[in-house]
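Please read the structure below before turning to the comments.
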Amino acid sequence: MKVLVVDDFSTMRRIIKNLLRDLGFTNISEADDGNTALPMLKAGDFDFVVTDWNMPVMQGIDLLKAIRADEKLSHIPVLMVTAEAKKDQIIMAAQAGVNGYIVKPFTAATLSAKLDKIFQRLG
Amino acid sequence: MSKYTSIHVSLEQAKLLVKYLEADQQNKADELIAEIQNPVQTALFEEIGKLTRELHNSLNNFHFDSRLNDLATADIPDAKERLNFVIDRTEEAANKTMDVVESIFPVVSNIQQQIKNVNPLWHKLMHNDLDVTDFKVLCRDIDVLLTTTEKETSKIHGLMTDVLMAQDFQDLTGQIIRKVIDLVCEVEDSLINMLTAFGMASKQEQSNYLPKLGENLVEGPIVNPGNRKDVVSDQHDVDDLLSSLGF
Numbered sequence: 003m004k005v006l007v008v009d010d011f012s013t014m015r016r017i018i019k020n021l022l023r024d025l026g027f028t029n030i031s032e033a034d035d036g037n038t039a040l041p042m043l044k045a046g047d048f049d050f051v052v053t054d055w056n057m058p059v060m061q062g063i064d065l066l067k068a069i070r071a072d073e074k075l076s077h078i079p080v081l082m083v084t085a086e087a088k089k090d091q092i093i094m095a096a097q098a099g100v101n102g103y104i105v106k107p108f109t110a111a112t113l114s115a116k117l118d119k120i121f122q123r124l125g
Numbered sequence: 006m007s008k009y010t011s012i013h014v015s016l017e018q019a020k021l022l023v024k025y026l027e028a029d030q031q032n033k034a035d036e037l038i039a040e041i042q043n044p045v046q047t048a049l050f051e052e053i054g055k056l057t058r059e060l061h062n063s064l065n066n067f068h069f070d071s072r073l074n075d076l077a078t079a080d081i082p083d084a085k086e087r088l089n090f091v092i093d094r095t096e097e098a099a100n101k102t103m104d105v106v107e108s109i110f111p112v113v114s115n116i117q118q119q120i121k122n123v124n125p126l127w128h129k130l131m132h133n134d135l136d137v138t139d140f141k142v143l144c145r146d147i148d149v150l151l152t153t154t155e156k157e158t159s160k161i162h163g164l165m166t167d168v169l170m171a172q173d174f175q176d177l178t179g180q181i182i183r184k185v186i187d188l189v190c191e192v193e194d195s196l197i198n199m200l201t202a203f204g205m206a207s208k209q210e211q212s213n214y215l216p217k218l219g220e221n222l223v224e225g226p227i228v229n230p231g232n233r234k235d236v237v238s239d240q241h242d243v244d245d246l247l248s249s250l251g252f
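If you read the sequences in order, they're chains A and B. Residue numbers in the first sequence follow the numbering used here, run continuously in steps of one, and reach 125 at the last position. Residue numbers in the second sequence follow the numbering used here, run continuously in steps of one, and reach 252 at the last position.
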């Protein structure tokens, strides 16, 4: 399974990569904002996206909307891992079609539980 | 200050006023009234004069307050540099820590693998089900395991010390952030003084005001979720909110 981790902080990308590797995901790529991520998604056959919200140039919410609006990408599950904790934002992300929402700071167990739930639902 | 309190009409003045009015000397009566009021006007003029001087002085002081100038041209740029240093040091520490942790993973995996190798024969031994040939194999495996464990655990010990030392940023960044907080307080005081001098500060406005968000609703980490009704405070809240919406 090919995963794209999108976050503007390299340390957070590294933490998520390590946690995902521990959960058995070995094919992981990185992007530092939506603007970098989108062409990668269009070019590669990614199966899953983990993205932050607050990033320069293109925010995670806009990346999510772009993914859902693109016929070839719209099926890809998107997990948001972000410090943004306003109820309005969470509702906005849900309405935009996010598959999971994790608020930072988070634990390895939370990430694992959300991934299980997402892939369980997808069958 | 009531404008009547400082008027002192003497009995003579009152009698004189009645006399003027009875004699139909209106002009003289008016003059007398003006004379009686005069002390008040003098006090008023003095007060206005005092206020004008104060305003003049505070405007002058404001203009020449070199501290404000220093704040804008030196202290704030310096604070930006300090905060960038905090970002660099914390990033460096996070990377150093993750470097070490990532280098420990394979070491631990190696020990786990050795234990896996030993386990089946060890299990047989514990159940008195081991022949001599296997026993020799087991002894060799255990020997390898002991040697590996000894070597790798001392390596892990060293690496853990590196993790420990990578936390030394906290002391430095804590000091820097405390200095920046002091600066923010000073700027806050200056701004409040300025607003007060121009009569624009109001306690009520201060308390009702919430910080404005940037574009796209983005606010970053919420530091006071207990005081806010529009935010979630943990993952449980997020899950509850989403399931209440049917997601």
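From the three backbone atoms N, C-alpha and C, an ideal C-beta is built for every residue, glycine too. These numbers come from a predicted model, not from an experiment.
* As assigned by DSSP and simplified to three states, the class of MET82/A -> Residue numbering aside, residue 82/A sits at position 80 when the first sequence is read from its first letter. In this structure, MET82/A counts as strand in the three-state DSSP scheme.
* Within chain A, partners of GLU96/B - CB distance below 7 Å -> Looking up residue 96/B in the second sequence gives position 91. In chain order: THR13.
* Asked: Whose C-alpha, out of GLU40/B, GLU27/B and LEU26/B, is nearest the C-alpha of SER15/B?
  -> Counting from 1 along the second sequence, the entry for residue 15/B is found at position 10. It is GLU40/B.
* To do: Could you check the C-alpha separation between ASP242/B and VAL228/B for me, to the nearest Å?
  => Translated into positions along the second sequence, residue 242/B becomes position 237. Translated into positions along the second sequence, residue 228/B becomes position 223. About 16 Å.
* To do: Please confirm if PHE27/A has its CB atom under 9 Å from at least one CB of chain B.
  => The residue you call residue 27/A lines up with position 25 of the first sequence. No - not a single Cβ of chain B is within 9 Å of the one on PHE27/A.
* To do: Count the other C-beta atoms from every protein chain shown that fall within 10 angstroms of the C-beta of THR84/A, then say buried if there are 16 or more, exposed otherwise.
  => Sequence index remark: in the first sequence, residue 84/A carries index 82 (1-based). Burial call: buried.
* Exposure label - ARG72/B; buried when at least 16 CB within 10 Å -> Translated into the one-based positions of the second sequence, residue 72/B becomes position 67. Counting Cβ neighbours within 10 Å, ARG72/B comes out exposed, since fewer than 16 surround it.
* What is the DSSP secondary structure of HIS241/B, counted as helix, strand or coil? -> Position 236 of the second sequence holds residue 241/B. Three-state DSSP puts HIS241/B in a helix.
* What runs of the alpha helix (DSSP H), each 4 residues or longer, lie entirely inside the segment 69-153 of chain B? -> 71-75 and 81-131
* How far does the alpha helix (DSSP H) with ALA39/A in it reach, from first residue to last? -> Start at 1 with the first residue of the first sequence, and residue 39/A comes out as number 37. 36-45 is the extent of the alpha helix (DSSP H) around ALA39/A.
* Asked: In terms of residue numbering, what span does the alpha helix (DSSP H) encompassing LYS20/B cover?
  -> Your numbering for residue 20/B matches position 15 in the second sequence. That run of the alpha helix (DSSP H) goes 16-27.
* Nonlocal neighbours in the same chain, by C-beta distance under 7 Å from ILE157/B, ignoring five residues either side -> Reading the second sequence from its first residue, position 152 is the one you call residue 157/B. With the sequence shown as reference, residue 157/B is identified as Glu, and Ile is not the correct amino acid for it. Hits under 7 Å: VAL112, ASN115 and ILE116.
* Asked: For a contact meaning CB atoms closer than 7 Å, what does ASN56/A contact in chain B?
  -> Counting from 1 along the first sequence, the entry for residue 56/A is found at position 54. Those within 7 Å of ASN56/A in chain B are VAL223 and GLY225.
* **Within 9 Å, strictly: CB atoms of LEU49/B and LEU37/B** => As a first step, residue 49/B must be located in the second sequence, where it is residue number 44. As a first step, residue 37/B must be located in the second sequence, where it is residue number 32. No.
* Cross-chain neighbours of GLU86/A in chain B, by beta carbon under 7 Å -> The residue you call residue 86/A lines up with position 84 of the first sequence. Residues of chain B passing the Cβ test: VAL223 and GLU224.
* To do: Name, please, each residue of chain B whose Cβ falls closer than 7 Å to the Cβ of THR112/A.
  => As a working note, residue 112/A is residue 110 in the first sequence. GLN240, listed in chain order.
* Asked: Across which residues does DSSP place ASN29/A in a beta bridge pair?
  -> In the first sequence, the residue the question calls residue 29/A occupies position 27. Beta-bridge partners assigned by DSSP to ASN29/A: LYS4/A.
* Asked: Taking the alpha-carbon positions, what's the ILE69/A to GLY62/A distance?
  -> As a position in the first sequence, residue 69/A is number 67, starting the count at 1. As a position in the first sequence, residue 62/A is number 60, starting the count at 1. Between the C-alpha atoms of ILE69/A and GLY62/A there is a straight-line separation of about 10 Å.
* Alpha carbon to alpha carbon, how far is ASP244/B from GLN122/A? Give it in angstroms, no decimals. => The sequence position of residue 122/A within the first sequence is 120, counting from 1. The sequence position of residue 244/B within the second sequence is 239, counting from 1. So the two alpha carbons sit approximately 16 Å from each other.
* **MET82/A burial status per 10 Å Cβ neighbour count (16 or more: buried)** => Here residue 82/A refers to the residue found at position 80 of the first sequence. MET82/A comes out buried.
* To do: Compare the C-alpha of LEU40/A against each of LEU124/A, GLN97/A and ASP9/A and name the closest.
  => Position 38 of the first sequence, counted from the start, is the residue given in the question as residue 40/A. If we check each option's Cα against that of LEU40/A, ASP9/A comes out closest.
* Cβ-based contacts, 8 Å cut-off: residues of the segment 89-123 of chain A near chain B -> LYS89, ASP90, GLN91, ILE92, ILE93, MET94, ALA96, TYR103, ILE104, VAL105, LYS106, PHE108 and THR112
* Counting only the same chain and skipping the five closest in sequence on each side, list residues whose C-beta sits under 7 Å from that of ILE147/B. => The count along the second sequence starts at 1 and reaches residue 147/B at position 142. VAL123, listed in sequence order.
* First and last residue of the uninterrupted alpha helix (DSSP H) at PHE50/A -> The sequence position of residue 50/A within the first sequence is 48, counting from 1. Segment 50-53 is the beta strand (DSSP E) holding PHE50/A; no alpha helix (DSSP H) there.
* What distance in whole Å lies between the Cβ atoms of LEU76/B and GLU191/B, which are believed to be in contact at a cut-off of 8 Å? -> To locate residue 191/B, count along the second sequence from 1; it is residue 186. To locate residue 76/B, count along the second sequence from 1; it is residue 71. Indeed they touch by this definition, with Cβ atoms about 7 Å apart.
* Asked: In chain order, what residues of the same chain lie with their CB nearer than 8 Å to the CB of VAL5/A, ignoring the 5 residues before and after it?
  -> Within the first sequence, the letter at position 3 stands for residue 5/A. Contacts found: LEU22, PHE27, ASN29, ILE30, SER31, PHE48, ASP49, PHE50, VAL51 and VAL52.
* Consult DSSP for ILE5/B and reduce its assignment to one of helix, strand or coil. => Residue 5/B is absent from the model: chain B starts at 6 and stops at 252.
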